[in-house]
Amino acid sequence: MKKNNNYLFYVGVFVFGALIIFGINSYAEKENISKVDEPTVKKVEAQEVKPAEKIQVFLFHSTSRCSSCITAGKYAKETVEQKFSEELKSGKIEFREINVDLPENKEVATKFKASGTSLFINSIIDGQDNIKEDTQVWRLISNEQGFVSYLSDKLNKLLGK
Numbered sequence: 497m498k499k500n501n502n503y504l505f506y507v508g509v510f511v512f513g514a515l516i517i518f519g520i521n522s523y524a525e526k527e528n529i530s531k532v533d534e535p536t537v538k539k540v541e542a543q544e545v546k547p548a549e550k551i552q553v554f555l556f557h558s559t560s561r562c563s564s565c566i567t568a569g570k571y572a573k574e575t576v577e578q579k580f581s582e583e584l585k586s587g588k589i590e591f592r593e594i595n596v597d598l599p600e601n602k603e604v605a606t607k608f609k610a611s612g613t614s615l616f617i618n619s620i621i622d623g624q625d626n627i628k629e630d631t632q633v634w635r636l637i638s639n640e641q642g643f644v645s646y647l648s649d650k651l652n653k654l655l656g657k
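When the letters of the sequence shown are read in order and numbered with the numbering used here, they come out as residues 497 to 657.
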């Protein structure tokens, strides 16, 4: 008898569910709800980004540095020197490692809002600073090739390449 009750219960749930589904579908067809007009898509012109006139790649650090901080500086410097030697020579790209603990660096550290170890990239467009801290590089410290590729791609985009 208990098996019969379970069987009847499941059949009842199934029938009830089917009625609800068919009822909703029937209502939607009647009210023409299921037919949705395609949204009007406006074409948006891609915002044209001007290439940077100059790019500053600044690695800020304190006097006491951990191995990751040293590695980030090494990878960033090598990337700029090896991949952007012409831009470095012409002054289009500037690379500096800046100790925020030294008094002579206080002004630049304040301008970039840098404290401790951080990599900032300033793309100067129409004479305006576009200072951004790049935190992605820290995820790539254990992957030199990934670090170099990431930073190279970023700088190439800023140069309009």
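A virtual CB, placed ideally from N, CA and C, is assigned to each residue, including glycine.
- S619 is a Cβ neighbour of A548, given a cutoff of 7 Å.
- Out of E600, I621, I594 and N626, the CA that lies nearest to the CA of C565 is found in I594.
- One Cα belongs to E640, the other to V633, and the distance between them is close to 10 Å.
- The stretch 593-625 contains, as complete alpha helix (DSSP H) runs of 4+ residues, the segments 602-608 (chain order).
- DSSP places K570 within a helical segment (H, G or I) once states are collapsed to three.
- For L636, the CB contacts under 7 Å within the same chain, skipping 5 residues up- and downstream, are G642, F643 and Y646 in chain order.
- The beta carbon of A610 lies closer than 7 Å to those of F556, V596 and F616 in the same chain, with the five residues before and after it left out.
- Under DSSP, no beta-bridge partner is assigned to K546.
- Put simply, the backbone Cα of T606 is about 28 Å away from that of D649.
- C-alpha of E590 to C-alpha of E577: approximately 10 Å in a straight line.
- Listed in chain order, the non-local C-beta contacts of T575 below 7 Å within the same chain comprise V644, L647 and S648, local neighbours out to five positions each way being set aside.
- The C-alpha of V553 lies about 9 Å from the C-alpha of L651.
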